[in-house]
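Numbering (full-length UniProt numbering), first residue to last: 1 to 243.
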């Protein structure tokens with residue numbers, strides 16, 4: 001059995017691989033933050049149903065949701081430098097490959113989160129919007145203070161699943177030349193030593209542990225929101241009973 005798996009080699013690979021988690025976390029953080037902003041913008045513009053722009057966004061969403069993320073990363077890595085060169089005669093081939101990975105992830109998240117936000121925004125009762133207008137709020141204030149917070153509460157479970165999905169999808173980024181994340185590091189270790197199983201098992205356990213931690217964190221957040229909502233409902237009932 002030692003011919004195929006060596007526990008000592010497994011332990012030795014851990015400190016070699018884990019430092020590359022910084023690359024993985026960076027991709028996840030940037031793509032979630034900017035992807036969320038893009039998703040909200042896409043959702044709002046889709047709801048406004050602006051002619052031509054609505055159709056363009058529909059094509060964008062269909063493309064991003066209908067093609068594999070790996071293909072999108074390759075298009076970003078090879079296509080964006082060509083596009084920039086043809087349009088502006090600027091050579092960006094010396095940019096870090098991680099930049100193009102980030103762009104692909106951000107655009108992918110913008111499409112998926114855009115549809116999630118759109119459905120949650122439309123699910124907020126129109127009475128809430130009318131209440132905002134009745135107290136003198138502008139459309140922007142009503143959206144930011146009333147509609148958006150309620151929609152965020154509704155999408156939080158899906159949002160948590162999405163973040164875990166993004167984290168797991170980073171296992172693909174090593175295929176883009178020059179990106180050395182935990183998968184890329186495991187591959188280089190395997191190439192150098194001729195023993196790949198131990199390195200990939202380190203990666204597998206890392207993904208499992210962090211995914212479980214993320215699920216637990218979002219479970220606690222969801223439970224806290226449900227508890228606070230229950231308290232608010234109970235207070236309203238008591239207030240009504242006391243009238």
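Note that CB positions come from ideal geometry on N, CA and C, so glycine has one too.
The structure displayed is predicted, hence computed values, not measured ones.
Exercise for the section: Answer yes or no: the CB of residue 191 versus the heavy atoms of the ligand FAD, is any distance below 8 Å? Expected result: No copy of the ligand FAD occurs in the structure displayed, which carries no ligand at all.
Practice task
May I ask you to report which of helix, strand or coil DSSP gives residue 224?
Solution key: helix
Problem - C-beta atoms of residue 101 and residue 166 nearer than 9 Å - result: no
Problem - Burial state of residue 181, where buried means 16 or more other Cβ atoms lie within 10 Å - result: buried
Handout entry: Identity of the residue in 126, 163, 176 nearest residue 213 by Cα
Key = 163
Handout entry: residue 29 to residue 130 span [Cα, whole Å]
Key = 36 Å
Exercise for the section: Please report the Cβ distance between residue 38 and residue 106, rounded to the nearest whole angstrom; I am assuming they are in contact, meaning their Cβ atoms lie under 8 Å. Expected result: 6 Å
Handout entry: At least three beta-carbon pairs within less than 8 Å, the stretch 36-55 to the stretch 113-126
Key = yes
Problem - Span separating the alpha-carbon of residue 98 from that of residue 153 - result: 32 Å
Practice task
Keeping to the same chain, check which residues put their C-beta closer than 6 Å to that of residue 23; ignore five residues upstream and five downstream.
Solution key: 181
Handout entry: Closest residue to residue 204 among 159, 8, 137, 17 (Cα-Cα distance)
Key = 17
Handout entry: Spatial distance of residue 122 from residue 148 (CA atoms)
Key = 10 Å
Practice task
Report the option in 220, 120, 176 whose CA atom is closest to the CA atom of residue 70.
Solution key: 176
Problem - Whole alpha helix (DSSP H) elements within the stretch 117-151, 4-residue minimum - result: 126-134, 139-142
Practice task
Would you mind sorting residue 62 into buried or exposed? The rule is 16 or more other CB atoms within 10 Å of its CB.
Solution key: exposed
Problem - Three-state secondary structure assigned by DSSP to residue 197 - result: helix
Exercise for the section: Specify the secondary structure class of residue 67 as computed by DSSP and reduced to three states. Expected result: coil
Exercise for the section: Could you name the residues of the same chain whose beta carbon sits closer than 8 Å to that of residue 206, not counting the 5 residues immediately before and after it, in chain order? Expected result: 17, 18, 21, 182
Exercise for the section: Could you please give the first and the last residue of the uninterrupted alpha helix (DSSP H) stretch that includes residue 35? Expected result: 21-48
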